[in-house]
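> Provided herewith is a single structure, encoded as structure tokens, for subsequent inquiry.
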Amino acid sequence: MNAAEVLAQRLRAAVDDERALAAIAQTPRERFVPPRQRERAYENVA
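By this note's numbering, the letter at position 24 of the sequence shown is numbered 100, and the numbering carries on one by one without gaps.
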């Protein structure tokens, strides 16, 4: 299992509202990281 899969599994375990999970999945990754790191938002590293 890669880091993205582990994160997804942990998120599903912590959030049981399917609507919340769908909203997170539809939100661009760069919205979850500080501005100085946005260029790395799509790198699958832990």
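From the three backbone atoms N, C-alpha and C, an ideal C-beta is built for every residue, glycine too.
Given the structure is predicted, the values throughout are model-derived calculations rather than measurements.
Taking 8 Å as the cut-off, decide whether the C-beta atoms of V109 and A96 are in contact.
Cβ distance not < 8 Å, so V109 and A96 don't count as in contact.
> Secondary structure at E119, three-state DSSP: helix, strand or coil?
Of the three classes helix, strand and coil, the one that applies to E119 here is coil, per DSSP.
> Spatial neighbours of E106 within its chain, please: CB distance less than 6 Å, with the 5 preceding and 5 following residues excluded, ordered by chain position.
Taken in chain order, the residues that qualify are R114 and A117.
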